[in-house]
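Going from the sequence shown to the numbering used here is simple: count from 1 and add 110.
We put the CB at the ideal spot given by N, CA and C, even for glycine.
The structure appears below as C-alpha cells.
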Amino acid sequence: MTVVGAERLRKELDHLKFERRPKIAEAIGEARELGDLKENAEYHAAREEQGLCEARVRDIEGKLSHAQIIDVTTMDNNGRVIFGSTVTILNLDTEGEVTYRIVGEDEANIRENLLSVSSPIARGLIGKNLDDEISIVTPGGTTDFEIIKVDYI
C-alpha cells in the first residue's frame, strides 16, 4: 500500500469511529424511545447501519494492520517501474500518452489514473525500465507501449 492510500484509510477510519458511530448510536437511542422495537423501522435501519459501519471499521483496521506501506519518495529513481511509481507510457499505435500511478488494489481508481498493481497494464509495466518498448495483453487485445517517464513521487 502506498503512503497516500494508508492515509486515506486512516482518515476514513477516524470518520467512521468519531463521527458516524456516535450519530448511529444517537439514532438507535432515539428509535428506542419510540417504543415497540419489533415493529420499529427506524430502529432496525439504525441497527443495520451500525452493522455496516462496524464491518467497515474491522475491514480497514485489518488492512492497515497487515499492510506493508511503500514510500517510493525515499528511493533512488533508477528508471525502473516499481509499485508506487508514476509511469507515463506512449501507445505506439495511437501516439496517445497516459500517466498512471501503480497502487494497491484498495487504492485503485482509474478515473484518477491510479492503476491497481494486479491490473494487466500494471503487471506488464512492473520491472520494466525507462525507454523500454513492451506489448501488453489487455481485455481489448495486445497493445504496444513505450515507457517515456518514470517518477518516484
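Notebook entry, point to check: What distance in whole Å lies between the Cβ atoms of VAL208 and LEU240, which are believed to be in contact at a cut-off of 8 Å?
Noted result: Not really, about 16 Å apart at Cβ, beyond 8 Å.
Notebook entry, point to check: Looking only at its own chain, which residues have a Cβ that is under 8 Å from the Cβ of LYS148, when we skip the five neighbours before and after it?
Noted result: If we look at LYS148 and ignore the five residues flanking it on each side, it has no Cβ neighbours.
Item checked: ILE212 beta carbon less than 8 Å from that of GLY194 -> yes
Item checked: Cutoff 6 Å; reference THR196; Cβ partners in own chain excluding five residues on either side -> ARG211, ASP261, ILE263
Notebook entry, point to check: Should MET111 and ASP216 be called a contact, given that it needs their Cβ atoms to be closer than 8 Å?
Noted result: yes
Next item on the list: Compute the Euclidean distance between the alpha carbons of ASP242 and ILE134, then round it to the nearest angstrom.
Entry: 53 Å
Next item on the list: Use the C-beta contact count for VAL247: other C-beta atoms within 10 angstroms, 16 or more gives buried, fewer gives exposed.
Entry: exposed
Check: Tell me which same chain residues have a C-beta within less than 8 Å of the C-beta of CYS163, skipping the five on either side of it?
Finding: LEU126, ARG130, ARG131, ILE134
Check: Taking the alpha carbon of GLY206 as the point to measure from, which residue in ILE258, GLU140, VAL113, PHE128 has its own alpha carbon closest?
Finding: ILE258
Check: With VAL227 and ASP181 assumed to form a contact (beta carbons below 8 Å), what rounded beta-carbon distance in angstroms separates them?
Finding: Not confirmed; about 15 Å, so no contact.
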